[in-house]
Amino acid sequence: MTPGANPPARTWVEISRTRLAQNFRNIREAVGQSVTLAPVVKADAYGHGAVEVSRVLVAEGARWLSVSNVEEGVALREAGLECRILVMGGVLPFERAAAFEHGLTPVVHSFGELRALDEAGIAGPVHFKVDTGMTRLGARAEPEEVVEALRSLRTLRVEGLMSHFASAEHFPSDQTASQIAKFGAVCDALRTAGIEPDLLHVSSTNGVSFGHCDAWHSLVRPGLALYGYLSPSSGGAPPPMFSVTPVLSWLARLVAVKDIPEGTLVGYGGRFRADRAMRIGVITAGYADGVPHRLSNRGHVVAAGRLAPILGAVSMDLTTIDVSESPQLCVGDAVTLIGREGEVSMDAARIADVAGEISYSVLCGIGNRVKRLYV
Ligand SMILES: *Cc1c(COP(=O)(O)O)cnc(C)c1O
């Protein structure tokens, strides 16, 4: 029943290069050839392994990658990736030298930083971010101030102008329309002043998948969709512009199987009480591996092709499941935390739903102890 490899590992993820490549192609097809893709591989490619994922994407034709910080960008350079790399999460003064030495492209978030780089005689290129309503990074500024700031630069080349949406999946909100309008006003003011950055970009997965075509401009920065997930939408969102399939499967092994009588308390705090004689299995992944603690007594894994409830508290290294329905399961057998066995599957979105999280945090939460295998 277990898909894929049977490695000598206690818990591992299998990452499908084929599905990753297919998701990338589906996004590219949706936006068309005139829009550049800068796929997002921050946070170790959402837990999928930034170097391997980047190699697949570059082989598929990606000319840009997006990361959060300089260290992530340097790691890609050291692995031999030569494409453009956008550093989106801010470059602190102590990271500046490394950023430019490694040919990374920082996003600049304030006029002060723009001036400091220019006064230091740095050529760039950089991208400049305006805050159009997300209220996180980016300059909160009137269009004229952006024009003035870019016009007064001496050495620094601003290759791109960008922003980021707060609610692109949330259709009752007018926040996205307002952000699009604000970004458009900055672009218009710059154009009027004869300043036209090569690349304009605001859209991540939600901006693309929910068809905010007027927000694609010349580049899009999809992350989550590459890995095979789309955000849940609300309020009459159109159907997604493209489909994707999860790239990652997550497995762990049974390290113990035992029969317990009715009335037995299971795990920390005795939070589960057997209401009948049961067979339980203990699997080799816990919250230190990224199994959300909130799945205690609520989540399921797939064992022997059927959903097996998690019993009691998820612990650090181990999680207990009900295998009463699958007496054939033995110590050493693999079970699926994310992935498919025959007709039955579990994915990060459903885990997130039960755990009160988001699919992003479930994927990024898969720990270092979990071996990454590429298939
Ligand atoms: C993380 C991030 C993205 C990618 O977002 P997804 O929702 O995963 O597509 C794009 N742009 C910025 C600025 C980000 O921080």
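Residues 376 to 750 in our numbering are what the sequence shown lists, from first letter to last. From the three backbone atoms N, C-alpha and C, an ideal C-beta is built for every residue, glycine too. Fair warning: this is a prediction, and the values are worked out from it, not measured in the lab.
- Excluding the 5 residues flanking it on each side, Ala380 has same chain C-beta neighbours closer than 7 Å at Glu389, Leu748 and Val750, in chain order.
- For the pair Val622 and Val406, the Cα-to-Cα distance works out to about 21 Å.
- Proximity to Pro414 across Val442, Gln397, Arg628 and Glu404 peaks at Val442, based on C-alpha coordinates.
- In this structure, ligand 1 has no non-hydrogen atom nearer than 6 Å to the beta-carbon of Pro615.
- In the three-state scheme derived from DSSP, where H, G and I count as helix and E and B as strand, Tyr749 is classed as strand.
- Looking at the DSSP output, Val533 shares a beta bridge with Val501.
- Under DSSP, Asp634 shares a beta bridge with Arg654.
- For Asp419, the enclosing alpha helix (DSSP H) begins and ends at Lys417 to Tyr421.
- Residues of the same chain with a CB within less than 6 Å of the CB of Pro607, apart from the 5 flanking positions on each side, do not exist.
- Taking 6 Å as the cut-off, one finds no heavy atom of ligand 1 near enough to the beta carbon of Leu623.
- By the Cβ neighbour-count rule, Asp708 is buried, with 16 or more other Cβ atoms within 10 Å of its own.
- Linking Val677 to Ala723 through their CA atoms gives a straight-line distance of about 13 Å.
- Between Pro597 and Val583, the gap from beta carbon to beta carbon is short of 7 Å.
- If you check the C-beta of Thr411 against ligand 1, you find no heavy atom less than 6 Å away.
- The beta-carbon distance between His576 and Leu594, rounded to whole angstroms, is 4 Å. This is short enough to meet the 8 Å contact definition.
- Ranking Ile733, Glu427, Gly465 and Tyr421 by CA distance to the CA of Tyr602 puts Tyr421 first.
- Only residues of its own chain outside the window of five on either side were considered, and among them Val426 have a CB closer than 7 Å to the CB of Ala454, listed in chain order.
- Apart from sequence neighbours up to five positions away, the residues of its chain that approach Met509 with a beta-carbon distance below 6 Å are His539 and Ala541, ordered along the chain.
- For Gly644, same chain residues with a beta-carbon under 7 Å away, outside a window of 5 residues either side, are Ala688 in chain order.
- Cβ-Cβ distances below 8 Å link Phe486 to Ala514, Ala516, Glu520 and Ala524 in the same chain, with the five nearest sequence neighbours on each side left out; the list follows chain order.
- Thr695 is bridged by DSSP to Val657.
- Put simply, the backbone Cα of Ile497 is about 11 Å away from that of Ala474.
- The C-beta distance from Thr659 to Thr386 rounds to 5 Å, short enough to meet the 8 Å contact threshold.
- Assignment of Ile390 by DSSP, reduced to helix, strand and coil, places it in the strand class.
- Of Gly717, Leu712, Ser720 and Glu716, the smallest CA-CA separation from Leu738 is found for Leu712.
- Boundaries for Pro518: no beta strand (DSSP E) harbours it, while the alpha helix (DSSP H) harbouring it runs Pro518 to Arg526, taken from the DSSP string.
- No Cβ-Cβ contact shorter than 7 Å links Val505 with Leu479.
- Comparing C-alpha distances from Ile555 to each of Glu544, Pro547, Leu574 and His587 shows the shortest one belongs to His587.
- The beta carbons of Val449 and Pro481 sit no closer together than 7 Å.
- Around the Cβ of His545, a 10 Å sphere holds 16 or more other Cβ atoms; the residue is buried.
- Remark: the shortest separation between the CB of Arg596 and any heavy atom of ligand 1 falls under 6 Å.
- Membership of Ser720 in any alpha helix (DSSP H) is not indicated; the residue belongs instead to the beta strand (DSSP E) covering Val719 to Met721.
- Between the C-alpha atoms of Leu512 and Pro615 there is a straight-line separation of about 27 Å.
- Gly680 is positioned such that its CB atom lies closer than 7 Å to that of Val719.
- Residue burial is scored here from C-beta neighbours: Gly436 has fewer than 16 other C-beta atoms within 10 angstroms and is therefore classed as exposed.
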